[in-house]
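A short worksheet on the structure shown next.
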Amino acid sequence: NAGVMQNPRHLVRRRGQEARLRCSPMKGHSHVYWYRQLPEEGLKFMVYLQKENIIDESGMPKERFSAEFPKEGPSILRIQQVVRGDSAAYFCASGKREDTGELFFGEGSRLTVL
Amino acid sequence: SQQGEEDPQALSIQEGENATMNCSYKTSINNLQWYRQNSGRGLVHLILIRSNEREKHSGRLRVTLDTSKKSSSLLITASRAADTASYFCATPSGYSTLTFGKGTMLLVSP
Numbered sequence: 034n035a036g037v038m039q040n041p042r043h044l045v046r047r048r049g050q051e052a053r054l055r056c057s058p059m060k061g062h063s064h065v066y067w068y069r070q071l072p073e074e075g076l077k078f079m080v081y082l083q084k085e086n087i088i089d090e091s092g093m094p095k096e097r098f099s100a101e102f103p104k105e106g107p108s109i110l111r112i113q114q115v116v117r118g119d120s121a122a123y124f125c126a127s128g129k130r131e132d133t134g135e136l137f138f139g140e141g142s143r144l145t146v147l
Numbered sequence: 030s031q032q033g034e035e036d037p038q039a040l041s042i043q044e045g046e047n048a049t050m051n052c053s054y055k056t057s058i059n060n061l062q063w064y065r066q067n068s069g070r071g072l073v074h075l076i077l078i079r080s081n082e083r084e085k086h087s088g089r090l091r092v093t094l095d096t097s098k099k100s101s102s103l104l105i106t107a108s109r110a111a112d113t114a115s116y117f118c119a120t121p122s123g124y125s126t127l128t129f130g131k132g133t134m135l136l137v138s139p
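Line by line, the protein sequences are chains A and B. Here the numbering used here = 1-based position in the first sequence + 33. Here the numbering used here = 1-based position in the second sequence + 29.
Dropping the structure here:
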């Protein structure tokens, strides 16, 4: 009965490199959400996806960030040309309904940009 | 913009005491949720209260919702050291997304 699986748990990148974060939702869930958390801050919504569709990307930075949730495989959050300010914990959550009920979170991917 | 705001930012109590955290929000909602986050971990859902409910219990947790004041409270009774964590309220916004507050950091000392 696996929960939301995120990998890698920790990722170190140098400025200018690319970071790819993966998320497999809970079995039976078709809605995936990505959030970013800075140290001692709350979660900031980034993007909401369903299979092969981006539903709401209002929280995504306009440049360098992209997300996908293909028909097969995990959801991917991609950050190109990382900068130090991208260092944060990135959390994925999944849900099974559209009425903003309970979300199930992964353990997060902690990105450190050197 | 932040929808929910928790108060206080930090709370330090002794084991056995009760802990109360508050959340205020800005727009009309159909439900409000509370989550817990242990240090370095993901968030865990604690309880959901709907807009037509005034109070809800789950074990040692008691949540209230006052839609006229746009506020909610989370009470943890008989706290334990294991309750040490950050607690967040979350409200629906946009296209079926949840907006989280900055959280209350609770420290329960043995």
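By construction, the Cβ of each residue, glycine as well, lies at the ideal position given by its N, Cα and C atoms. Predicted, not measured: the structure shown is a model, and the values here were computed from it.
DSSP, reduced to helix, strand and coil, places A48 of chain B within a strand of the structure shown. A Cβ-Cβ distance of about 5 Å is found for the pair I76 of chain B and S87 of chain B, placing them in contact under the 8 Å criterion. L76 of chain A reaches chain B at L72, F117, F129, counting residues in chain order whose Cβ is nearer than 8 Å.
Residue environment analysis places G141 of chain A among the buried positions, since at least 16 neighbouring C-beta atoms fall within 10 angstroms of its C-beta. Take P103 of chain A, set aside five residues on each side of it, and the residues of its chain with a beta-carbon closer than 7 Å to its own are E85, in chain order. Judged by beta-carbon spacing, R55 of chain A lies within the 7 Å limit of N40 of chain A, meaning their Cβ atoms are closer than that value. Burial check for Q66 of chain B: the Cβ neighbour count within 10 Å reaches 16 or more, so the residue is buried. Annotated three-state conformation of R97 of chain A is coil, per DSSP.
In its chain, beyond the 5 residues on either side, L77, I78, R79, S80, P121 have a beta carbon closer than 7 Å to the beta carbon of N60 of chain B. Ranked by how close their Cα comes to the Cα of S138 of chain B, the residues B:P37, B:A48, B:L90 have B:A48 in first place. Residue contact with chain B for E85 of chain A: absent (no Cβ-Cβ distance below 7 Å to any residue of chain B). Boundaries of the beta strand (DSSP E) around Y123 of chain A: 121 to 128.
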